[in-house]
Every structure is written in structure tokens, then in C-alpha cells.
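Colleague: Order-wise, the sequence lines are chains A and B.
Residue numbering for the first sequence follows my numbering, starting at 301 and increasing by one per position.
Residue numbering for the second sequence follows my numbering, starting at 27 and increasing by one per position.
Okay, handing you the structure first.
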Amino acid sequence: MSFLGYPRANGTAGIRNDVLVIPGGLVASKICDFVNGARTILTADSGSGRTKRDRETIARVLVGLGKNPNVAGVIVHGISLGSGYPELKPEALAAQIAETGKPVEVISSKQYPDVLHVIERGIRVAREMVRDASHIRREPFENGKLSIGVKCGRSDSTSGIAGNPVMGYLFDRIVESGGNAFFGETTEIIGAEHLLSKRAVSDEVAREIIRVTREIEERAKSCGEDIRTINPVPSNIAGGISTLEEKSLGAIEKAGTKLIQGVLKYAEAPRGKGLYFVDNWMSQLSIFLGYAAAGSTLTFYQVGGGGLLEDTLLSPSPTGVTPIVWTTANPNTFRAAGESIDFYSGTVIEGKETIEQAGERLFALVQQIASGSLTKTETINFQDPAQVYLLDSPF
Amino acid sequence: MSGKRALALNPKDNIAVAVENIQAAEEITVQTRGGESRSIRAVQNIPFGFKVALENIPEGQFVFKYGETIGRASRDIKIGEEVHIHNIKGVRVQGKGEKGERS
């Protein structure tokens, strides 16, 4: 089985074909307002007053997003980026993105008398890039060219018994095909890290899984707050989840059964293929951005929603360039939020399908979406702000 | 097969998840992954998605789901009773905040 994707110069395959303008802000937004097919991200953090570690994370996100196979061409402008820090210089970002062989253009504000001229130049370049991208035709690729990332949220007991196991089946199929699959949310493996570490490809990776779990546990304690007042979150409890361990054991079901090849930092690209654990934050405004920067072309949000699902119209991707496939196994959630949810696996709870059957159905849907079929939230003209996962205090 | 359905995910589990709304005194058919099923009686309402005890669980004993511990009973739990935050507690990441002593 295979999908129809956009060939990129470095041998990767995109499932979308957009032009990306970075960093986010006034200039990028105005260019994208004018040009069909140009996209950006909305982030508030420019890197100004951030530690070197955090500035490097911001740079990694911007470079990774530019390198993403869903992106055909990139414009990097020199305005609103962190005050001239070397790692955030537009030329430095552009040079790394250009390693993929895709067109990258820097629009330096120094070349133009004012910001309106920068925007004008950006519009001209973006229109040309969009037209150039439109000449690229989709062609067949093996599923091993897919790279996916998952978050589970608004978790309830349907997540652990059906929604996440079906996602886990998809993860196994992608890994068997030779692709990449990412899962993360470090607070949500507390209580299940002993099971994950047994699935590590090496002792070193096993130790790394335990280390990042301990680190987040210590960080939670050092806040002086009982993490159990943060996680499980109130909607989890209202959905039948009682303890953090219970939430974690359900959460890791989404990672399937394959060996874990490594532990990655937020927005870090893997060195090889297969399943990776990402030491990231659970927020939907942050996690998908990180997966996209690590090279994911398709992301998944598996929801429970049994507790406190208030928003029945769910959001499109905040990354701009990677669609989100929304899934649920909760019949009530599917009824209430079906306008946004692409896939229902509650059939497993109802006894109508096995996990394998539902998983195969999801795998088939993935290949359709990878070949160009739109997800439900891709039809919504809205973009949430995205939040880079930063670890240090601002100064 | 009569009774309302609940799923036990692992043979080691001492709780099951209700996959229908269950009323007090109703019979529950507990299906274990792997095929076998047995019956217990609900002693109170168990809403869809919530847990029911499959045996008496004395205070301090571990509660198992997915074959793994999800916490300890914080009071004696009877077979057929709902199992949730009022009668079990997680054992990980215990900081301040237990029993209302938040700083």
C-alpha cells in the first residue's frame, strides 16, 4: 500500500504543498493574507530575553518547520526575531533549511527603506514560490515515507480501552512500513515508564526514558504543588480516570508495541526511522508544532471528552503546515463534535470491531489524507496561536 | 448474555470499566480481554466509562487495571462498588496537597 505525495529534493515526501513564511508576526501575516497557499505560524515568543537553550529551541522549531516535507518553499524575513542573537539570525535559519534543497529566500529588512517594502517584496516572492510549487505533481510513495505524531487529550476511560489502542495499532503499521512515529507528553508516562523502558532498543535509551520521567517529577515537586492537582486534569476525573498512573497506563497504549529507538528533545529530528519518545509538553498548542518541526507530515489528536467537552467544534492545526486527524472512541463525543472528528473507534467498545479492524480502517484513512483528502478541520479558516515549549525562565 | 457490560482489560485486574450506564442492583457481565466472562452485581450506579470493583479490595491494597497498579484503596471497597477518586489514591508524585494541606 502507498500514498500519493509531493516529491522533495532530499528524497522525502510531502502530503501538502505549502509555502511557509517565518517567523510569525505582522510581516508574515500580511504576506499570507495576500497570497493564496502561503502559510505562517502565530507565535508570540521571539527569543528576546530568553536563555541560550530556549533560543536554540525556537531556532530548532523554525528551521524544522521550514524543512518539513509539506513545505515547498520558505521565506525567512528579518523582522521581529530575537534582537540579533546569532542562532536566530535569518541567514542562519535559511542556510539550515536550504540543506533540504528546497527554495529559501531571506528578505532582510536592512535592504529596504521600511516594513511596507519588506511586505511587498515578500508578497512578490511568495506568489512566485506558490506558482512554482503548483508545478510539482503528486507521485506514489511507500508508506515508509510517512512521519506521524500523536497527542491524546481530554482523556477519559474510552481513550485507554479503545481510542489509544487503535492509535497504537496505526503506530505499529507505520513503524513496520519503515516510517517515523512520535509520541510524548512526559508527565503522562509517570507510572508507566517501567513498561516503556522495557521496550527501549538499548539500555541507554531505557535509562533516558527513566531520566526524563524523573526530571519532570522532580520539577513538579519543586513547584511546591502536588502534580495530582494538575494532572489528571479535572476533565479526566470527570471522564472516569482516577489517578495519574491510570491516565499514564492508558496513554501509552497509543504508542503501539514496537521498540523505542530513542528519546528526542522537543522539535528534535530523529536520526533514524521507527518509534521515538519525545520529551515534550502535553499542550495542543505546543506539541504539534514540535512534531512538525521534527519532520511529521501528519499529526493525530485522539480525544476522550467524556468529562468536560465544552468545545464541540475542534481546532485546526496550529502548525500551519501539518493537518490534524481528530479521533475518538467516545460515542457521546463523536455525537457532539462529529463536525471536527475524522475517525471513530468506539466500535471497539460496542463490540462491532476489533482493535485490529478499526486500526486497519484508520490506516486506510491515513493513506487517503496523505494523498490529498482534507481532514475535517482543514476546511476551517482559523489558526490557533502556537506555543514553543521553553524550559527556562524569561529574563 | 444478560446484564450490562463492563470490560476487564487484564486477567490480573480487580476492577472493570463500565461500557454502559449501570444502575444499582443490576447484573453486570464482565468481559475479560481474551474472551471469558462472569457476572457480578452493582451495589450502586456505575456510569459509562467508570470503574467497578470485581472483588472486595481492603484499604491499602493495590488496584489493578491493564494488569498494572493504578493506585491503592484509600478505604475498604466492596465488590460491585464504584472505584474512583473517593476510594483510591495514586501513589506517585506525592507532594503537598494531600488531605487539604496545600501551601
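Built from N, CA and C at the ideal position, the CB exists for glycine as well.
A quick note: this is a predicted structure, and the numbers were derived from the prediction, not measured.
Do residue 569 of chain A and residue 590 of chain A count as a contact pair if the criterion is CB distance below 8 Å?
Modeller: Not a contact, by the Cβ cut-off of 8 Å.
Colleague: What is the DSSP secondary structure of residue 579 of chain A, reduced to helix, strand or coil?
Modeller: Reduced to three states, the DSSP call for residue 579 of chain A is strand.
Colleague: Could you compute how far the alpha carbon of residue 416 of chain A sits from the alpha carbon of residue 377 of chain A?
Modeller: Cα-Cα distance, rounded: 12 Å.
Colleague: I want to see whether chain A comes within less than 8 Å of residue 95 of chain B, judged by CB atoms only; does it?
Modeller: Yes - at least one Cβ of chain A is within 8 Å of the one on residue 95 of chain B.
Colleague: Nearest CA to the CA of residue 650 of chain A: which residue from B/69, B/37, B/43?
Modeller: Of B/69, B/37, B/43, the residue nearest in Cα terms is B/43.
Colleague: Indicate the three-state DSSP secondary structure (helix, strand or coil) for residue 91 of chain B in the structure shown.
Modeller: Correct three-state label for residue 91 of chain B: strand.
Colleague: Distance, Cα to Cα, residue 634 of chain A vs residue 662 of chain A?
Modeller: Looking at the two C-alpha atoms, the distance is approximately 15 Å.
Colleague: Sorted by chain position, which residues of the same chain lie with C-beta nearer than 8 Å to residue 509 of chain A's C-beta, five sequence neighbours on each side aside?
Modeller: Taken in chain order, the residues that qualify are 489, 493, 496, 497, 500, 560, 563, 577.
Colleague: Are residue 588 of chain A and residue 617 of chain A close, meaning C-beta to C-beta below 8 Å?
Modeller: Against a cut-off of 8 Å, the Cβ pair of residue 617 of chain A and residue 588 of chain A comes out as a contact.
Colleague: Pairs of beta-carbons, one from the stretch 322–337 of chain A and one from the stretch 423–433 of chain A, closer than 8 Å: are there three or more?
Modeller: Cβ pair count under 8 Å is three or more, so yes.
Colleague: So, does the CB of residue 76 of chain B fall closer than 8 Å to a CB anywhere in chain A?
Modeller: For residue 76 of chain B, the answer is yes, since a Cβ of chain A falls inside 8 Å of its Cβ.
Colleague: Is residue 574 of chain A helix, strand or coil when you go by DSSP?
Modeller: Three-state result, residue 574 of chain A: strand.
Colleague: From residue 374 of chain A to residue 402 of chain A, what distance separates their C-alpha atoms?
Modeller: About 8 Å.
Colleague: For residue 91 of chain B, return the contacting residues in chain A, with the cut-off set at a CB-CB distance below 7 Å.
Modeller: Residues of chain A passing the Cβ test: 546, 549.
Colleague: Which residues share a DSSP beta bridge with residue 332 of chain A?
Modeller: The partner list for residue 332 of chain A (beta bridge, DSSP) is empty, contrary to what the question assumes.
Colleague: Put residue 543 of chain A into one of helix, strand or coil per three-state DSSP.
Modeller: Three-state DSSP puts residue 543 of chain A in coil, outside helix and strand.
Colleague: Please classify residue 126 of chain B as buried or exposed, where buried requires at least 16 other C-beta atoms within 10 Å of its C-beta.
Modeller: Below a pLDDT of 50, predicted positions are generally treated as unreliable, and residue 126 of chain B, at 29, falls in that range; the measurement from the model is reported next regardless. Exposed: under 16 other Cβ atoms inside 10 Å.
Colleague: Please return the same chain residues whose Cβ sits closer than 7 Å to the Cβ of residue 405 of chain A, not counting the five positions on each side in sequence.
Modeller: Hits under 7 Å: 375, 425.
Colleague: Can you tell me which of B/94, B/89, B/117 puts its alpha carbon nearest to the alpha carbon of residue 104 of chain B?
Modeller: When each option's Cα is compared against that of residue 104 of chain B, the closest is B/89.
Colleague: Three or more C-beta pairs closer than 8 Å, one from the stretch 335–351 of chain A and one from the stretch 309–326 of chain A: is that the case here?
Modeller: Verdict: yes, contact present.
Colleague: Using beta-carbon positions only, say whether residue 566 of chain A and residue 644 of chain A come within less than 8 Å of one another.
Modeller: Cβ distance not < 8 Å, so residue 566 of chain A and residue 644 of chain A don't count as in contact.
Colleague: Pick helix, strand or coil for residue 440 of chain A, following the three-state DSSP scheme.
Modeller: It is a strand residue.
Colleague: Just how far apart, CA to CA, sit residue 463 of chain A and residue 660 of chain A?
Modeller: C-alpha separation (whole angstroms): 13 Å.
Colleague: Tell me the DSSP secondary structure of residue 65 of chain B in three-state form.
Modeller: Three-state DSSP puts residue 65 of chain B in a strand.
Colleague: Take residue 408 of chain A and list the residues in its own chain whose beta-carbon comes closer than 7 Å to its own, dropping the five residues that flank it on each side.
Modeller: Around residue 408 of chain A: 378, 390.
Colleague: Quick one: measure Cβ to Cβ for residue 106 of chain B and residue 66 of chain B, integer angstroms, because I've assumed they're closer than 8 Å.
Modeller: Their Cβ separation, rounded to whole angstroms, is 5 Å, which keeps residue 106 of chain B and residue 66 of chain B in contact under 8 Å.
Colleague: Name, please, each residue of chain A whose Cβ falls closer than 7 Å to the Cβ of residue 45 of chain B.
Modeller: The contacting residues are 649.
Colleague: Check the C-beta distance from residue 512 of chain A over to residue 486 of chain A and give it rounded, since I have them as a contact under 8 Å.
Modeller: Confirmed, about 5 Å.
Colleague: Helix, strand or coil, according to DSSP, for residue 111 of chain B in the structure here?
Modeller: Three-state result, residue 111 of chain B: coil.
Colleague: Please return the same chain residues whose Cβ sits closer than 7 Å to the Cβ of residue 678 of chain A, not counting the five positions on each side in sequence.
Modeller: Contacts found: 616, 623.
Colleague: As a quick exercise: from B/38, B/98, B/53, pick the residue whose alpha carbon is nearest that of residue 72 of chain B.
Modeller: Checked all of B/38, B/98, B/53; the closest Cα to residue 72 of chain B is B/53.
Colleague: What three-state label does DSSP hand residue 494 of chain A in the structure shown?
Modeller: Looking at residue 494 of chain A - three-state DSSP - the assignment turns out to be helix.
Colleague: Per DSSP, which one or two residues make a beta bridge with residue 339 of chain A?
Modeller: A/320, per the DSSP bridge assignment.
Colleague: Taking Cβ-Cβ distances shorter than 9 Å, what residues in chain A pair up with residue 38 of chain B?
Modeller: What residue 38 of chain B touches in chain A: nothing, since even the nearest Cβ is about 13 Å away.
Colleague: Measure the CB-CB distance between residue 98 of chain B and residue 111 of chain B and report whether it falls below 8 Å.
Modeller: No.
Colleague: Going along the stretch 105–116 of chain B in order, which residues come within less than 8 Å of chain A, judged by CB to CB distance?
Modeller: Residues passing the 8 Å Cβ filter: 109, 110, 111, 114, 115, 116.
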